[in-house]
Amino acid sequence: EAQVTQNPRYLITVTGKKLTVTCSQNMNHEYMSWYRQDPGLGLRQIYYSMNVEVTDKGDVPEGYKVSRKEKRNFPLILESPSPNQTSLYFCASSLNSGTYEQYFGPGTRLTVT
Amino acid sequence: AQSVTQLDSHVSVSEGTPVLLRCNYSSSYSPSLFWYVQHPNKGLQLLLKYTSAATLVKGINGFEAEFKKSETSFHLTKPSAHMSDAAEYFCVVSDRGGSYIPTFGRGTSLIVHP
């Protein structure tokens, strides 16, 4: 089954404790992206990747890191989480950017206390 | 730069009545336009997309949207709302001016009353 998986689905952590949210797709997609969703703000892009070893900042990259060492995986890293990073996070992938449908993961709800 | 505006943050309809969710876009090129739906506690799912073929696009679950270049609009419609249509809807634009990176609208919450 074609899918995007994220782990964990729910995470409660404390300020400053490094964490990683994993994202994996099994569709051989080139384009992958991370979004955060906050009430009234819709989805805002954090980082995206056009292909392996090619990543770029989205609209709200501060406080986040990503890597794309393999085509299927695109982890999101919070080196020192802060309460303003409490949000719902989505990973997405598509064949390539722009004209193709994006497939979304189920979301990761992160709470930073 | 590309941008998209969803004109209503909330739309409330009665079951069986028509649905209209409004989206205006800004693009200096030939845009690709999408509508996604997000049901409560779920990820996003594609409803339909426009990529310079027919201007009237049919999607899943009876939804359709019409690309109107003169009005820079891509409104989403459905003739008869169903309770299961209650969800958040996102309009998305991408074009080569933005390197084809998708830009999301802020979303419209559709409420369906019995």
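In order, the protein sequences belong to chains A and B. For reference, each letter of the first sequence is one residue, going -16 to 96 in the numbering used here. For reference, each letter of the second sequence is one residue, going 339 to 452 in the numbering used here. Glycine included, C-beta positions come from ideal geometry on N, C-alpha and C.
- Membership of Gln8 (chain A) in the beta strand (DSSP E) is indicated by the continuous run 2 to 8.
- Of the other Cβ atoms in all chains shown, fewer than 16 fall within 10 Å of the Cβ of Val37 (chain A); this residue is therefore exposed.
- Against chain A, the CB of Thr389 (chain B) has a partner CB under 8 Å away; the residue lies at that interface.
- Of B:Val375, B:Lys416, B:Gln376, the smallest CA-CA separation from Leu394 (chain B) is found for B:Lys416.
- Ser80 (chain A) reaches chain B at Ser432, Ser437, Tyr438, Ile439, Pro440, counting residues in chain order whose Cβ is nearer than 9 Å.
- Chain-order list of chain B residues neighbouring Pro89 (chain A): Lys380, Gly381, by C-beta distance under 8 Å.
- Not a single C-beta of chain A is nearer than 8 Å to the C-beta of Gly397 (chain B).
- Inter-segment contact for the stretch 72 to 89 of chain A and the stretch 10 to 23 of chain A is present: three or more beta-carbon pairs are separated by less than 8 Å.
- Leu26 (chain A) has its alpha-carbon roughly 23 Å from the corresponding atom of Thr(-2) (chain A).
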